[in-house]
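Chains as they are written, first to last, in full-length UniProt numbering: chain A, 1 to 210; chain B, 1 to 210.
All residues carry an ideal CB built from backbone N, CA and C; glycine is no exception.
2 protein chains.
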Amino acid sequence: MTNTLYCFGESGNAYKAALALTLAGVDWTPRHVDFFNGEARGPEFRAINPMGEVPVLDADGLILTQSGVIQDWVMDETGQLCGDGSRTTRREILRWTIFDNQKVSGVAEPLRFVMNFLPEDKRPQEVIGFLSGRLKVALQVLEGELATRDWLAGDSLSCADISCAGYLYYPEPFTFDRGDYPAISAWLDRIAAKPGWMHPYDLMTRAFPA
Amino acid sequence: MTNTLYCFGESGNAYKAALALTLAGVDWTPRHVDFFNGEARGPEFRAINPMGEVPVLDADGLILTQSGVIQDWVMDETGQLCGDGSRTTRREILRWTIFDNQKVSGVAEPLRFVMNFLPEDKRPQEVIGFLSGRLKVALQVLEGELATRDWLAGDSLSCADISCAGYLYYPEPFTFDRGDYPAISAWLDRIAAKPGWMHPYDLMTRAFPA
């Protein structure tokens with residue numbers, strides 16, 4: 001079985017898929033996407049994923065897109081990263097995955113983009129203020145929950161944690177400071193202590209600068 | 001069985017849950033949340049949902065939050081709104097649900113909020129421009145897909161459609177004009193023609209102005 005993940009280092013969404021595959025022990029090989037030269041928005045890539053986004057997993061011909069879908073497949077295929085695998089736990093994982101996509105990754109991604117990957121004179125300050133305010137609200141929810149337990153869903157590391165943590169390992173500034181969130185910081189260390197864990201820039205090739 | 005949905009009319013996320021329940025034939029009663037007076041962010045509500053958000057479904061004591069999770073429950077319980085119900089179709093529904101939460105609802109919601117529910121002199125123009133640009137990219141993806149078929153996932157109306165369409169029925173301006181998106185407009189009409197379909201402001205009580 002050949003599993004190919006279309007990805008690049010800077011994409012936290014790709015990282016969420018890559019890390020789930022890796023921690024669940026699924027063999028996979030990266031296919032680097034030259035994002036900053038527009039490959040993800042070009043016609044050849046859109047023929048694979050009309051959404052124009054990484055990650056895309058080609059699992060022996062089965063094409064899956066969206067990190068949460070790839071994680072769903074990993075949990076189904078391996079029985080890993082989903083706690084007891086019950087419907088209740090799977091729904092709790094889905095709950096945090098959607099929260100992440102809407103409120104954590106969904107905000108951290110454009111915020112980090114405009115703060116780091118746009119030319120300095122084109123960084124929109126009002127947008128940065130607005131998005132950082134929204135990110136803070138979401139991180140405070142995470143902080144509150146992680147102050148009460150080690151893992152977001154069930155009693156062990158799951159795709160809920162991988163989803164919500166994905167963007168938080170990146171070194172570029174995006175108004176997230178671990179010092180402000182001790183429970184999140186300890187949780188990021190717990191995840192990073194898992195055998196096989198890798199930093200996004202060690203797991204995938206960087207695409208910036210173009 | 002008693003199903004109570006914590007909701008208010010302006011929330012497209014609540015609408016996505018309410019419409020799925022309604023179209024799948026699940027009995028439910030609304031519990032109005034006084035959002036604009038801060039009820040969703042207060043301690044009593046956070047004891048039910050620490051995320052501080054609607055919708056929340058209380059299904060005979062089972063508490064579910066996030067519209068995508070409530071839709072997942074509706075599909076499991078009723079076998080409705082999930083096409084042939086296969087793993088492949090369910091993953092395709094999940095794919096569009098996550099795309100919606102990150103790129104459609106996830107952007108339309110703050111954009112519509114700042115354009116309509118903030119005082120006129122506090123509407124951040126740079127943010128409005130930024131978010132409307134992002135929404136346009138997502139709507140162009142939807143338009144391209146819906147130009148090729150009637151429904152997003154499988155051959156019939158599913159929770160994928162309900163999720164992506166939820167915010168697009170609202171009358172307040174948020175830079176979405178049906179005239180610019182003929183395939184989306186026809187699809188919104190197809191959904192609205194389904195027996196039992198209701199407009200968000202007919203299905204749920206409005207909370208604005210406070």
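- Between the segment 59-73 of chain A and the segment 88-102 of chain B there are three or more inter-stretch CB-CB distances shorter than 8 angstroms, so the stretches are counted as touching.
- In this structure, the beta-carbon distance from LEU157(B) to ILE184(B) does not fall below 7 angstroms.
- As the crow flies, the alpha-carbon of GLU126(A) is around 11 angstroms from that of VAL114(A).
- With a minimum length of 4 residues, the unbroken runs of alpha helix (DSSP H) contained wholly in the UniProt domain "GST C-terminal" (86-210) of chain A fall at 87-99, 105-116, 125-146, 159-165, 182-192, 200-203.
- In the DSSP annotation of this structure, PRO50(B) is not part of any beta strand (DSSP E), being labelled neither H nor E.
- Listed along chain B, no residue sits closer than 9 angstroms to LEU146(A) by beta-carbon distance, the nearest being about 11 angstroms off.
- Within the segment 128-142 of chain A, the residues whose Cβ lies closer than 9 angstroms to any Cβ of chain B are, in chain order, GLY129, PHE130, LEU131, ARG134, VAL137, ALA138, VAL141.
- Looking from the CA of ASP161(A), the closest CA among SER132(A), SER105(A), LYS136(A), GLU172(A) belongs to SER105(A).
- Nearest Cα to ALA108(A) within the set PRO119(A), ASP76(A), ALA138(A), ALA153(A): ALA138(A).
- As computed with DSSP, TYR6(A) is found in a beta bridge with ARG31(A), VAL56(A).
- Contact annotation, ALA14(B) with MET204(B): C-beta distance approximately 6 angstroms; criterion of less than 8 angstroms satisfied.
- The secondary-structure analysis by DSSP pairs ILE63(B) across a beta bridge with ASP58(B).
- Shown here, GLN71(A) sits in a helix according to DSSP, grouped into three states.
- Cα atoms of LEU57(A) and GLU39(B): separation of roughly 41 angstroms, rounded to the nearest angstrom.
- Taking the Cα of PRO50(A) as reference, the smallest distance to any Cα among GLU145(B), ARG46(B), ASP34(B) is reached at GLU145(B).
- The beta carbon of ASN101(B) sits closer than 7 angstroms to some beta carbon of chain A.
- Not flagged as an interface residue toward chain B: GLU44(A), since no C-beta distance is shorter than 7 angstroms.
- By the C-beta criterion, the segment 25-41 of chain A is judged not to be in contact with the segment 61-69 of chain A, since fewer than 3 inter-stretch pairs fall below 8 angstroms.
- Pairing ARG134(B) with LYS103(B), the inter-Cα distance amounts to about 7 angstroms.
- Residues of chain A with a Cβ closer than 7 angstroms to the Cβ of VAL54(B) do not exist; the shortest Cβ-Cβ separation is about 13 angstroms.
- Membership of ASN37(A) in any alpha helix (DSSP H) is not indicated, and neither H nor E is assigned to it by DSSP.
- Here the segment 164-182 of chain B makes no contact with the segment 187-195 of chain A; the two share fewer than three CB pairs at distances below 8 angstroms.
- GLY12(B) and TYR201(B) have their C-alpha atoms spaced approximately 10 angstroms apart.
- Membership of ALA20(B) in the alpha helix (DSSP H) is indicated by the continuous run 12-23.
- LYS16(B) sits buried, since 16 or more C-beta atoms from the chains shown fall within 10 Å of its C-beta.
- Nearest in C-alpha terms to ASP177(B), of all of ARG149(B), THR148(B), GLN140(B), ARG190(B), is GLN140(B).
- Collapsing the DSSP output to three states places ASP76(A) in a helix.
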